[in-house]
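Note sheet for the following structure.
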Amino acid sequence: MTARVGVVLFPGSNCEHDVVEALDSLGADASLVWHGDPSLDSLDAVVLPGGFAHGDYLRPGAIARFSPVMAAVEEFAAAGGPVVGICNGFQVLTEAHLLPGALQKNRGLTFLCQTVEVAVTSDRSVLTRGLTIGRRLRIPINHFEGNYICDERTVAELRAEGRIVLRYLDNPNGSIDDIAGICNEAGNVVGLMPHPERATEPLLGSTDGRALLGALIAAAGGAGVAGGAGTAVTGAPETATARP
Amino acid sequence: MTRYAVLVEVSLRPGIADPQGATIERALPALGFNQVSGVRTGKAFRFVVDATDEETARVEVDDLCRRLLTNPVIEDSAVTLEPAP
Chain C
0 MTARVGVVLF PGSNCEHDVV EALDSLGADA SLVWHGDPSL DSLDAVVLPG
50 GFAHGDYLRP GAIARFSPVM AAVEEFAAAG GPVVGICNGF QVLTEAHLLP
100 GALQKNRGLT FLCQTVEVAV TSDRSVLTRG LTIGRRLRIP INHFEGNYIC
150 DERTVAELRA EGRIVLRYLD NPNGSIDDIA GICNEAGNVV GLMPHPERAT
200 EPLLGSTDGR ALLGALIAAA GGAGVAGGAG TAVTGAPETA TARP
Chain L
0 MTRYAVLVEV SLRPGIADPQ GATIERALPA LGFNQVSGVR TGKAFRFVVD
50 ATDEETARVE VDDLCRRLLT NPVIEDSAVT LEPAP
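Going down the list, the sequences are from chains C and L. So for the first sequence, numbering that gives the first Met the number 0 puts the first residue at 0; every next one is plus one. So for the second sequence, numbering that gives the first Met the number 0 puts the first residue at 0; every next one is plus one.
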């Protein structure tokens, strides 16, 4: 079955076509979903792409959270549907309380646009399922507010439950515990600052993003909400794994 | 109904790093401001609210702060409210 993936277009999104292109190149059937649509029409997965939804006014994601489509995204996520927020999409997911914590201005107060190395630190998310723990990926980042923060109790929970899915090898932005990406309890909602869609062709300098998007497509193929398969996750908690 | 003028000041919670504030503070000595420290940045919002009484207006504004104007994970808000002139 071809996974149908919706990529939400907010006013101010700017990575939506890259994500559609990358997913299509990996065999998915990706299409844009307008942020004003109040429903998600028989999709197997949803991606909130990067950019500056609603101009990032107030705070990144603060207004996008109230876009009509977000109620449908919340419902889809609650039913176990795979939802991935990339960069600005990660910020939207934290503002929508689908993921804990918040993303602050980078520690060095500079906009970062560079390829970084991250390590897969959990395989219990729809974006990393099937990937080897410790695998290193070279993926571009492109953000001003990617400095992940949450309280000590939350970060302890994330660690204990294997919900830190990607960590920077050389922390570029000050994120607590080198966090580059996290997932929710069920593993079906994932947020990450790096842009896997920008690492999907040799011409782009890296193809490491294909492993992540491929895992998402696999999760979508077998776990569409319409199919009712759910996305129960398995995998050892992260305490069993080494830090990169 | 009474109209209330509202000032909401949003600031980063204590302990949350404020790289903008720190950068501003580092720039001050170059201008001769050697006695200034503890710079923290934030945002301010002004608006008016119509409500039957001050308590009702305050409850409304507190709700608005919690749901939109602040991200409670990293920000606090202080509300000043008085009858609009």
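Just so you know, even glycine gets a beta-carbon here, dropped at the ideal spot from N, CA and C.
Cβ-based burial, residue i [other Cβ within 10 Å; buried from 16]
{"i": "L:Q34", "result": "exposed"}
{"i": "L:V7", "result": "buried"}
{"i": "C:E74", "result": "exposed"}
{"i": "L:R45", "result": "exposed"}
{"i": "C:A235", "result": "The predicted model places C:A235 with a pLDDT of 41, which falls under 50 and marks its position as unreliable; any figure quoted below should be read in that light. Counting Cβ neighbours within 10 Å, C:A235 comes out exposed, since fewer than 16 surround it."}
{"i": "C:S38", "result": "exposed"}
{"i": "L:S36", "result": "exposed"}
{"i": "C:L202", "result": "exposed"}
{"i": "C:G35", "result": "exposed"}
{"i": "C:A61", "result": "buried"}
{"i": "C:F41", "result": "Note that residue 41 of chain C is Ser in the sequence shown here, rather than Phe. Per the 10 Å Cβ criterion, exposed."}
{"i": "C:A155", "result": "exposed"}
{"i": "C:F89", "result": "buried"}
{"i": "C:Q113", "result": "exposed"}
{"i": "L:D62", "result": "exposed"}
{"i": "L:D52", "result": "exposed"}
{"i": "C:Y167", "result": "buried"}
{"i": "L:G14", "result": "exposed"}
{"i": "C:G204", "result": "exposed"}
{"i": "L:R2", "result": "exposed"}
Test: residue i CB closer than 7 Å to a CB of chain C
{"i": "L:T40", "result": "no"}
{"i": "L:V5", "result": "no"}
{"i": "L:I23", "result": "no"}
{"i": "L:N70", "result": "yes"}
{"i": "L:P13", "result": "no"}
{"i": "L:P28", "result": "no"}
{"i": "L:P82", "result": "no"}
{"i": "L:G20", "result": "no"}
{"i": "L:G37", "result": "no"}
Nearest-angstrom beta carbon gap, residue j and residue i [assumed within contact, 8 Å]
{"i": "L:R57", "j": "L:L30", "result": "Not confirmed; about 39 Å, so no contact."}
{"i": "C:A2", "j": "C:A27", "result": "5 Å"}
{"i": "C:E20", "j": "C:L31", "result": "Contact flag wrong, Cβ pair sits at about 11 Å."}
{"i": "L:V47", "j": "L:E59", "result": "That belief does not hold up - the Cβ atoms of L:V47 and L:E59 are roughly 12 Å apart, past 8 Å."}
{"i": "L:V38", "j": "L:E24", "result": "4 Å"}
{"i": "C:T199", "j": "C:S24", "result": "6 Å"}
Beta carbon proximity, residue i to chain L, threshold 7 Å
{"i": "C:A101", "result": "yes"}
{"i": "C:R58", "result": "yes"}
{"i": "C:L108", "result": "yes"}
Local conformation of residue i per DSSP, three classes
{"i": "C:S75", "result": "One point to set straight first is that residue 75 of chain C is Phe, not Ser, in the sequence displayed. Residue state, collapsed to three classes: helix."}
{"i": "C:A113", "result": "It is Gln, not Ala, that sits at residue 113 of chain C in the sequence shown. The answer is strand: DSSP assigns C:Q113 an E or B state."}
{"i": "C:C182", "result": "strand"}
{"i": "C:L212", "result": "helix"}
{"i": "L:D62", "result": "helix"}
{"i": "L:T79", "result": "strand"}
{"i": "C:V18", "result": "helix"}
{"i": "C:D28", "result": "strand"}
{"i": "L:T1", "result": "strand"}
{"i": "L:R25", "result": "helix"}
{"i": "C:E263", "result": "Residue 263 of chain C lies beyond the stretch modelled for chain C, which goes from 0 to 243, so this question has no answer here."}
{"i": "C:V46", "result": "strand"}
{"i": "C:G5", "result": "strand"}
{"i": "L:V35", "result": "coil"}
{"i": "C:F245", "result": "The question about residue 245 of chain C has no answer, for chain C in this structure spans 0 to 243."}
{"i": "L:F46", "result": "strand"}
{"i": "C:I132", "result": "coil"}
{"i": "L:G41", "result": "strand"}
{"i": "C:A118", "result": "strand"}
{"i": "C:N170", "result": "coil"}
{"i": "C:N141", "result": "strand"}
{"i": "C:V68", "result": "helix"}
{"i": "C:I148", "result": "strand"}
{"i": "C:L39", "result": "coil"}
{"i": "C:V154", "result": "helix"}
{"i": "L:E53", "result": "helix"}
{"i": "C:A219", "result": "helix"}
Give a yes or no on contact between the region 88-108 of chain C and the region 124-141 of chain C, applying the rule of three or more CB pairs nearer than 8 Å. no
Taking one C-beta from the region 211-219 of chain C and one from the region 113-126 of chain C each time, how about it: are there three or more such pairs within less than 8 Å? yes
Quick test of the definition: if touching needs 3 or more C-beta pairs under 8 Å, does the region 193-206 of chain C touch the region 80-88 of chain C? yes
Say whether the region 177-190 of chain C touches the region 123-131 of chain C, bearing in mind that this needs 3 or more beta-carbon pairs closer than 8 Å, one atom from each stretch. yes
Decide yes or no for the touch test of the region 102-109 of chain C against the region 170-181 of chain C: beta carbon pairs closer than 8 Å, at least 3 of them. yes
Indicate whether the contact test is met: 3 or more Cβ pairs, each with one atom in the region 2-11 of chain C and one in the region 58-72 of chain C, closer than 8 Å. yes
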